[in-house]
Structure formats: structure tokens, C-alpha cells
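*Asks:* Handing you a structure now.
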Ligand code: GLU
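Numbering (this note's numbering), first residue to last: 39 to 502.
Okay, structure coming up:
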């Protein structure tokens, strides 16, 4: 029986939080929270050359911004489970390697690079392109081995049982199996003394009592290797679920190099998207609610998250869809909060700000959008030609004779409509072009109001 559900997200601090990583973290988080469990954040930083300064902090900051707050992390460790950075656990991995060497479930192999290359070439000649160690070292006589053992570098390889099936019931895909003969004795400790990913991750998951592992499908082929280590130590295995890939709208796997699409959470944070909208959107990137509900708060998502509804086919990252979510969330953001995030100019008082926000919020996907729309009204002067006709002249006369407020502007529009007997485009376009210099904009009376009395009147009066 599982004592407690514990899931984890274990990034390498090699860059910013990517959409794919954020989704893995989110599903791990939702699964843990749905089951009253714990979500753990830990760091795989033993590929020292690839680590980037600030990588860990940026991963964590972006997760917290999304509202995916880990229960345990390098900053919030549970002492019982040791360190949360692999670089701080090297002696622990080594002690497990040592144990395997003593048990005879692993061995040191002193093959040179040339010897390994030769094996690789021979395998390729036979049409086998994924390298499988052929136990070359074990085939040498013990005197030959002895001669070479004192010199040269070595790696430690696991001694896999022959012809053994590694089978697991994947939480997303159902039964998956690999034969040990397809894998070969893989390296658990590299010649630089550091553990490999496939080895260290097992030690971490075991020691941290991880019950369920969710990760990307690129890890499927790693899972049998990891299962082998659990079995050799006779440890209880976690359950595994491999999430399908995320593609662009053309169905191609998202590539971090593709700059046509913002793929890092940081990008959305900078543009001022609502984090709750992204949280909601990401949850539907490979998962569906049983009643196809789409707009869901964090609490609703935790409550309804059922791993059985994780998708078996790739999920499309559609920015239009994301922006749809973003607008829905913007609409409900309190003006008070938005005002603090935006820069207004002097003349824009509280009333102006509220009217602006109420007009633009639901059609804006982020703060950047809103800020750009504020700029429309900050021009020094309204410019642009327009055609004068009966409509413009009638409107001008009424408009200039009343006090400047939205109600009166609306009345002037309504009276112009009656007097000239026009409606729709023929009414709105001439008035809009005359008062705002623009062809498009929000509801006409509000658009005129937002430009402000001074500017609109100046334009109309100077234009005789
Ligand atoms: N650091 C690995 C990755 O980013 C973690 C893999 C795992 O979850 O086991 O893909």
C-alpha cells in the first residue's frame, strides 16, 4: 500500500522553464494535490558544463508565478529525504555504485574510446543503430584485464540479467515492455566519477519515496534501464506515466530553437499574461475534463484531475487558444490590480482608467496589449483625414453644444442617427473618423470619451 502520493519535477538547470517542462510539473502537481499528496521540486545538475547560472532560480520562480508551488525543494527541503540537488549527493550515488560492485551486479569496464567505436561500427554494419555494449571487457581474460586495470579510465556498467522482460503498466499508455537484451549493460558511473542520469534518478526517486513519475515520452526508453536498478536493489518501484509530445499547430514537435513561438513561461510573464490563464491552458494540453469543461480554477482542476484522462496522442500548442483563455481571465481581473501594473499619463484620472479598463480588458490578452492600447489615447493631436457629410456636420453641432461625458456623446450619436436617418456603418464610420482619426476602435461613445475633451474638441473646432 502506498503511504503517501509523492510526485516530482526534476529539471536540469540548463535554461528557462519551457512549456513542456511546465506541463510536466503541472500534471505532477495536479496528480499529487488531487490525492492529498506532496509535489517535490529537485534539481538534476550533474551535467556541469550545461548548467546555466540562475537556471535553478528561474525554473522555481516561473513555477511559483504559475502557482505550481512545490511542497519540498532545495530551499524547502524535508531533511528526512536528503539533499534536493544531485550535485550535493555525489557521495551517495557512489556508495550505491560501490554496493553494486560488491554485490557483483555492476562492473568496472576499461574499454578505450577506440574499442567502443569499433563495437559501434560493427553493430551498424549489422544494421543496428542504437549502441548496445557487447560485454567486450568481460570477454577478456582475467590476466588481460589485470594488466589494464591499473592504467586508464573506467566506467561502471550494470550487469543486466540476460533475456529479461522489463514490463510496466504506463499510467498514460498502458502496458509497455522491453527485453534486457535490447538494452545492453549501460553505464551507471561515468569516467569522470559522476553518475549517469538513469542511475542517479533511481536513487533520488527511491530515497525521496516518489510514488508516481510523470515525464515526457522521450524518457520511455530510459524506464526499463531504471526498472533494472530497482530490481537489482529489490526496491519498490514507482508508477510511471509518459506524457505525449507537444506539437505546434502544424503538428511538428515543438523545438526550443523555433523562435516563431514563445515557448518559455518567462516570455508570457514579461508580457503580463494572467498566470491563472496559463495554468488553466496548460492543464488542457494533453488532458480533458470528463464533461469537456474548459475554464477551470486551480481548485477545480485539482478536484477534477484524473490521470486516466491524459491524452495518448500529441497535444497541439495553439497560441490562439491560449489567448482565448488569457482574455477570459483578463476580463475578471479587478481594475485595482491592473491599474498597478500599467503606466498611465497625468490626465488619465481614476474615472478614465476604469472606463478604459472596462472597455479593453476582455479584448486584451495581457498587460502589454493594454499598455499599447493606452498609447492610442496619448497622442498629442488627433490626425487623419475624413470625409465631411451631413452626418459629420450634424454630429459636430450637437456634440459641441453639450457637456463632455459618455452619456451625452451617446445622445449626440443617437440624435444624429434620427436627424440624418442613417444607421450602422454610415453613421459610425464618418463620426469615428472625424472624432478619433481612426477606422476602428471600441464602442464609439467610449472611444471618443477616451481621447478626452480637449483633443476631440480641438480637432473639431479647428476644422471649419
Ligand atoms: N532532468 C530530466 C529531464 O529534464 C528529468 C527526467 C525525469 O523526470 O526522470 O527530462
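We put the beta carbon where it would ideally sit given N, CA and C, even for glycine.
Can you tell me whether residue 195 is buried or exposed, with buried defined as 16 or more other CB within 10 angstroms of its CB?
*Replies:* It counts as buried.
*Asks:* Does residue 262 come out as helix, strand or coil in the three-state DSSP assignment?
*Replies:* Correct three-state label for residue 262: helix.
*Asks:* For residue 203, is the beta carbon positioned less than 7 Å from some heavy atom of the ligand GLU?
*Replies:* no
*Asks:* Report the rounded CA-to-CA distance for residue 359 versus residue 221, giving the unit in angstroms.
*Replies:* Straight-line Cα distance between these residues: approximately 41 Å.
*Asks:* So, using beta-carbon positions, are residue 57 and residue 309 closer together than 8 Å?
*Replies:* no
*Asks:* Do residue 44 and residue 95 have their C-beta atoms within less than 8 Å of each other?
*Replies:* no
*Asks:* The alpha helix (DSSP H) spanning residue 454 covers which residue range?
*Replies:* 444-458
*Asks:* Could you tell me the distance, in whole angstroms, from the CA atom of residue 307 to the CA atom of residue 413?
*Replies:* 21 Å
*Asks:* Could you tell me the boundaries of the alpha helix (DSSP H) in which residue 67 lies?
*Replies:* 57-72
*Asks:* Expressed to the nearest angstrom, what Euclidean distance is found between the alpha-carbon atoms of residue 185 and residue 132?
*Replies:* Between the alpha carbons of residue 185 and residue 132 lies a distance of about 25 Å.
*Asks:* Closer than 7 Å to a non-hydrogen atom of the ligand GLU - does that hold for the CB of residue 135?
*Replies:* No, Cβ of residue 135 sits at least 7 Å from all heavy atoms of the ligand GLU.
*Asks:* Following the continuous beta strand (DSSP E) through residue 147, name the residue where it begins and the one where it ends.
*Replies:* 144-147
*Asks:* What are the partner residues of residue 194, as DSSP defines its beta bridges?
*Replies:* 146, 227
*Asks:* Report all residues from its chain with a CB closer than 6 Å to the CB of residue 170; omit the five preceding and five following residues, and keep chain order.
*Replies:* 222
*Asks:* Tell me whether the stretch 243-255 and the stretch 213-220 touch, counting them as touching only if at least three CB pairs, one residue from each stretch, are closer than 8 Å.
*Replies:* no
*Asks:* With a threshold of 7 Å (Cβ to nearest heavy atom), would residue 253 be considered close to the ligand GLU?
*Replies:* yes
*Asks:* I think residue 322 touches residue 332, with their Cβ atoms under 8 Å apart; what is that distance to the nearest whole Å?
*Replies:* Right, their Cβ atoms sit about 6 Å apart.
*Asks:* Could you pull the DSSP bridge partners for residue 212 from this structure?
*Replies:* Paired residues: 208.
*Asks:* Is any heavy atom of the ligand GLU found at a distance shorter than 7 Å from the C-beta of residue 280?
*Replies:* False, no ligand heavy atom lies under 7 Å from that Cβ.
*Asks:* Hey, would you say residue 61 sits closer than 8 Å to residue 284, going by beta carbons?
*Replies:* yes
*Asks:* Does DSSP put residue 324 in a helix, in a strand, or in coil?
*Replies:* coil
*Asks:* Can you check whether the CB of residue 369 is closer than 8 Å to the CB of residue 399?
*Replies:* Yes; because the gap between Cβ atoms is below 8 Å, this pair is in contact.
*Asks:* Can you tell me which of the three DSSP states residue 268 falls into?
*Replies:* Three-state DSSP puts residue 268 in a helix.
*Asks:* So, is residue 252 buried or exposed, given that buried needs 16 or more other C-beta atoms within 10 angstroms?
*Replies:* buried
*Asks:* With H, G and I counted as helix, E and B as strand and the rest as coil, what does DSSP make of residue 281?
*Replies:* strand
*Asks:* State the Cα-Cα distance for the pair residue 150 and residue 290, rounded to the nearest angstrom.
*Replies:* 39 Å
*Asks:* Give the secondary structure of residue 93 by DSSP, where H, G and I count as helix, E and B as strand, and everything else as coil.
*Replies:* In the three-state reduction of the DSSP assignment, residue 93 falls in the helix class.
*Asks:* Can you tell me the Cα-Cα spacing of residue 485 and residue 457, whole angstroms?
*Replies:* 22 Å
*Asks:* Is there at least one non-hydrogen atom of the ligand GLU closer than 7 Å to the beta-carbon of residue 49?
*Replies:* yes
*Asks:* Going by DSSP in three states, residue 160 sits in which element: helix, strand or coil?
*Replies:* helix
*Asks:* Taking residue 397 as part of the alpha helix (DSSP H), name the residues at either end of that continuous run.
*Replies:* 388-398
*Asks:* What number of angstroms, rounded off, separates the C-alpha of residue 226 from the C-alpha of residue 282?
*Replies:* 27 Å
*Asks:* For residue 82, verify whether its CB is less than 7 Å away from any heavy atom of the ligand GLU.
*Replies:* Short note on residue 82: C-beta closer than 7 Å to some heavy atom of the ligand GLU.
*Asks:* What do you reckon, is the C-beta of residue 250 under 7 Å from a heavy atom of the ligand GLU?
*Replies:* Outside the cutoff, so no.
*Asks:* Reducing DSSP to helix, strand and coil, say where residue 220 ends up.
*Replies:* helix
*Asks:* Write down every uninterrupted run of the alpha helix (DSSP H) in the stretch 322-378 whose length is 4 residues or greater and which is fully enclosed by it, in chain order.
*Replies:* 336-342, 357-369
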